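A.B. asks: Take the position in the sequence shown, starting the count at 1, then add 10; the result is the number in my numbering.
Just so you know, even glycine gets a beta-carbon here, dropped at the ideal spot from N, CA and C.
What you are looking at is a predicted structure, and each value in this text was computed from that prediction instead of being measured.
Quick one: the structure is below, questions incoming.
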Amino acid sequence: DPIDGTRAFLKGRSTWCVSVAVVEDGVSLCGVLDCPAKNSVFHAQAGKGAWQDGRLIEVRKPSDRPLVGGPKALIGALPEDLRVRLPDVPYIPSLAYRIAIVANGEFDATFVKPDSHDWDLAAADI
Numbered sequence: 011d012p013i014d015g016t017r018a019f020l021k022g023r024s025t026w027c028v029s030v031a032v033v034e035d036g037v038s039l040c041g042v043l044d045c046p047a048k049n050s051v052f053h054a055q056a057g058k059g060a061w062q063d064g065r066l067i068e069v070r071k072p073s074d075r076p077l078v079g080g081p082k083a084l085i086g087a088l089p090e091d092l093r094v095r096l097p098d099v100p101y102i103p104s105l106a107y108r109i110a111i112v113a114n115g116e117f118d119a120t121f122v123k124p125d126s127h128d129w130d131l132a133a134a135d136i
């Protein structure tokens, strides 16, 4: 995906990336997310781990107030007892970037629309 998060890019925000993956028989083998506006690069290889700027990354430990990203409509559809425990976070249009910041521990989870495209997921899916 040459620009994942086109809306963020057009608005001058930093939460977009260039997303590239090697896929064989429908399976992502390796992926790179270049985030030029953040001067950051994520890369991962199936079965080998994921890195950000050369450092191995890992997800966060569970929290009582998890940080969850995604479309507001999906978050708004959650049961109220769960929704009230979620801090409000700004919407990040780039699905690949949202998945990457779950991998590096900035977010606990992200929602993905059921009609998301393969090119939005391929590099971040590893």
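By alpha-carbon positions, which one of PRO81, GLU90, LEU39 and LYS48 ends up nearest to VAL122?
C.D. replies: That would be PRO81, whose Cα lies nearest to the Cα of VAL122.
A.B. asks: Report all residues from its chain with a CB closer than 6 Å to the CB of GLU34; omit the five preceding and five following residues, and keep chain order.
C.D. replies: Cβ within range, chain order: n/a, list empty.
A.B. asks: Quick check: what's the CA-CA separation for VAL112 versus CYS45?
C.D. replies: Roughly 15 Å between the two C-alpha positions.
A.B. asks: Using CA atoms only, rank isn't needed, just tell me which of ARG95, PRO100 and ALA60 is closest to GLY79.
C.D. replies: Comparing Cα positions, the closest option is PRO100.
A.B. asks: Which partner residues of VAL122 appear in the DSSP bridge assignment?
C.D. replies: Partner(s): none; VAL122 has no beta bridge.
A.B. asks: Just to confirm the assignment, what range does the alpha helix (DSSP H) spanning VAL112 have?
C.D. replies: It spans 105–113 - the alpha helix (DSSP H) in which VAL112 sits, taken as one unbroken run.
A.B. asks: Look at the alpha carbon of ASP118 and the alpha carbon of PRO76, and state the distance between them as a whole number of angstroms.
C.D. replies: For ASP118 and PRO76, the distance between alpha carbons rounds to 6 Å.
A.B. asks: For VAL30 and PRO72, what's the separation of their Cα atoms in angstroms?
C.D. replies: Cα to Cα, VAL30 sits roughly 30 Å from PRO72.
A.B. asks: Go ahead and pull the three-state DSSP assignment for GLU68.
C.D. replies: GLU68 falls in the coil class under three-state DSSP.
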